[in-house]
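*Asks:* My questions will all concern the structure given below.
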Amino acid sequence: MDFFQAFFLGILQGLTEFLPISSSGHLILIPAFFEWTDQGVGFDLSVHVGTLLAVVLYFRKDVFAITRDGLLSLGKRQMIGQGNMAWFLVIGTIPAGLAGLALLDMIDNELRAVEVIFFTTLIFGLLLGWADWRPNKGRTLDSLTWKDALLVGCAQALALIPGTSRSGATITAGLLLGMSRQTASRFSFLLAIPITALASAVKLLEAATSDIAVDWTGFLVGGVTAFIMAITAIHFFLKWLNKVGMWPYVLYRIALAGVIYAVLM
């Protein structure tokens, strides 16, 4: 992998990981379009770590409070502060964790097809638009229940299919449950932390047991670029959320589906 490829894919991963437009879909489509070789497990690990550090740093106050209160609640056997949010994140991570363990081979070998990404890009884009268009979305984080966390977690598991978008699926589920845009997006970003940490751990284990040498230049370039672009994407997504809503991303997904159909199918 040369410097430009690592830099470009790092930008792509950082921008698309937290925007509702599917990072996995883009990372499959772009190399296919340019006929690049597979970037390898080392690069995948680097961009996962980069985006994980970005979301943890951006929400560092929330992460500290949730972790502290979750541990205190566990020790005292009663909910303290944001202890319930810690449990919600655990509950929301379980479906994707189990689905990843059970279906990882099928996802990697059968669901990375261009045709699958075309349909998921289009259908889940339209679903996001419909969810954002519906009225009566005003629920805050204080109103969330374990059932909400489980349903959003199931949506996150569904997003293991390339082209679906983890943030897109979880935000869509939140909006359909009556959450405000800010609430659905914030919960989606917080929920990204444990699942991205798990994905990074899997990639680390895969890299450690693989005979393929890690391209350290690509690792550093991809990881640093993904970190910078991810933290930028989170900031501006939340800043502009109430002004622009979800429809710019919906229209982008529709246009992308058209390009996929015209060029790659």
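With the sequence shown counted from 1, adding 10 to any position gets you the numbering used here. We treat Cβ as the ideally placed atom computed from N, Cα and C, and that holds for glycine.
#1: In three-state terms, what does DSSP make of Arg122?
#2: Please state the DSSP three-state secondary structure of Arg144.
#3: Which residues does DSSP list as the beta-bridge partners of Arg196?
#4: Hey, Thr150 and Thr193: beta-carbon distance below 9 Å or not?
#5: Could you give the residue range of the alpha helix (DSSP H) that holds Ala272?
#6: Between the segment 258 to 271 and the segment 79 to 94, are three or more C-beta pairs nearer than 8 Å?
#7: When DSSP labels each residue in this structure, what does Arg176 get in the three-state scheme?
#8: Can you tell me where the alpha helix (DSSP H) holding Leu238 begins and where it ends?
#9: Is any heavy atom of the ligand GDP found at a distance shorter than 8 Å from the C-beta of Ile203?
#10: Would you say Thr47 and Gln23 are within 9 Å of each other, going by their C-beta atoms?
#11: To the nearest angstrom, report how far apart Asn146 and Pro30 are at their CA atoms.
#12: Just to confirm, is the Cβ distance from Leu55 to Ile203 under 9 Å?
#13: Check whether the Cβ atoms of Ala42 and Val124 lie closer than 9 Å to each other.
#14: Whole angstroms are fine: how far does the CA of Val73 sit from the CA of Ala272?
#15: For Leu186, which of Ala141, Leu214 and Ile117 has the nearest alpha-carbon?
#16: What span of residues does the alpha helix (DSSP H) with Glu27 cover, start to end?
#17: Where Ile133 and Gln166 are concerned, what is the direct C-alpha to C-alpha distance, given to the nearest angstrom?
#18: Given a cut-off of 9 Å on the beta-carbon distance, is the pair Trp97 and Ala159 in contact?
#19: Indicate whether Ile171 and Ile117 have their beta-carbon atoms separated by less than 9 Å.
#20: Between Leu274, Met275, Ala265 and Val269, which has its C-alpha nearest Gly135's C-alpha?
#21: In angstroms, rounded to a whole number, what distance separates the CA positions of Phe13 and Thr219?
*Replies:* On the basis of the coordinates in this document:
#1: Start at 1 with the first residue of the sequence shown, and residue 122 comes out as number 112. Here Arg122 sits in coil by DSSP.
#2: Within the sequence shown, residue 144 is the residue found at index 134, counting from 1. Residue state, collapsed to three classes: coil.
#3: The count along the sequence shown starts at 1 and reaches residue 196 at position 186. For Arg196, no pairing in a beta bridge is given by DSSP.
#4: Reading the sequence shown from its first residue, position 140 is the one you call residue 150. Reading the sequence shown from its first residue, position 183 is the one you call residue 193. Closer than 9 Å, so yes.
#5: Position 262 of the sequence shown, counting from 1, holds the residue named residue 272. From DSSP, Ala272 is part of no alpha helix (DSSP H); its letter is neither H nor E.
#6: no
#7: The residue you call residue 176 lines up with position 166 of the sequence shown. In this structure, Arg176 counts as helix in the three-state DSSP scheme.
#8: Taking the sequence shown and counting its residues from 1, the one referred to as residue 238 is at position 228. Looking at the sequence shown, residue 238 is not Leu but Ile. First-last of the alpha helix (DSSP H) with Ile238: Trp226 to Val254.
#9: Questions concerning the ligand GDP fall outside what the structure shown contains, since it holds no ligand whatsoever.
#10: On the sequence shown, residue 47 is found 37 positions in, with the first residue counted as 1. On the sequence shown, residue 23 is found 13 positions in, with the first residue counted as 1. Result no, Cβ atoms of Thr47 and Gln23 do not sit closer than 9 Å.
#11: As a position in the sequence shown, residue 146 is number 136, starting the count at 1. As a position in the sequence shown, residue 30 is number 20, starting the count at 1. Cα-Cα distance, rounded: 21 Å.
#12: Walking along the sequence shown from the start, residue 55 turns up at place 45. Walking along the sequence shown from the start, residue 203 turns up at place 193. Going by C-beta atoms, Leu55 is not nearer than 9 Å to Ile203.
#13: Along the sequence shown, read from residue 1 onward, the residue named residue 42 stands at position 32. Along the sequence shown, read from residue 1 onward, the residue named residue 124 stands at position 114. Yes, the pair counts as a contact, with Cβ atoms nearer than the cut-off.
#14: The residue labelled residue 272 in the question sits at position 262 within the sequence shown. The residue labelled residue 73 in the question sits at position 63 within the sequence shown. Using only the alpha carbons, I get a separation of about 43 Å.
#15: Translated into the one-based positions of the sequence shown, residue 186 becomes position 176. Leu186 has its Cα closest to that of Ala141, out of Ala141, Leu214 and Ile117.
#16: The residue labelled residue 27 in the question sits at position 17 within the sequence shown. Taken as a continuous stretch (DSSP letters only), the alpha helix (DSSP H) holding Glu27 covers Phe13 to Phe28.
#17: As a first step, residue 133 is located in the sequence shown; it is residue number 123 there, counting from the start. As a first step, residue 166 is located in the sequence shown; it is residue number 156 there, counting from the start. Ile133 and Gln166: Cα-Cα distance of roughly 16 Å.
#18: If you number the sequence shown from 1, residue 97 lands on position 87. If you number the sequence shown from 1, residue 159 lands on position 149. It is a contact, given that the beta carbons lie within the stated cut-off.
#19: Numbered from 1 along the sequence shown, position 161 holds the residue referred to as residue 171. Numbered from 1 along the sequence shown, position 107 holds the residue referred to as residue 117. Yes. Within cutoff.
#20: Taking the first residue of the sequence shown as 1, we reach residue 135 at position 125. The residue with the shortest Cα to Cα distance from Gly135 is Ala265.
#21: Here residue 13 is taken as the residue at index 3 of the sequence shown, counted from 1. Here residue 219 is taken as the residue at index 209 of the sequence shown, counted from 1. Approximately 25 Å, taken between the alpha carbons.
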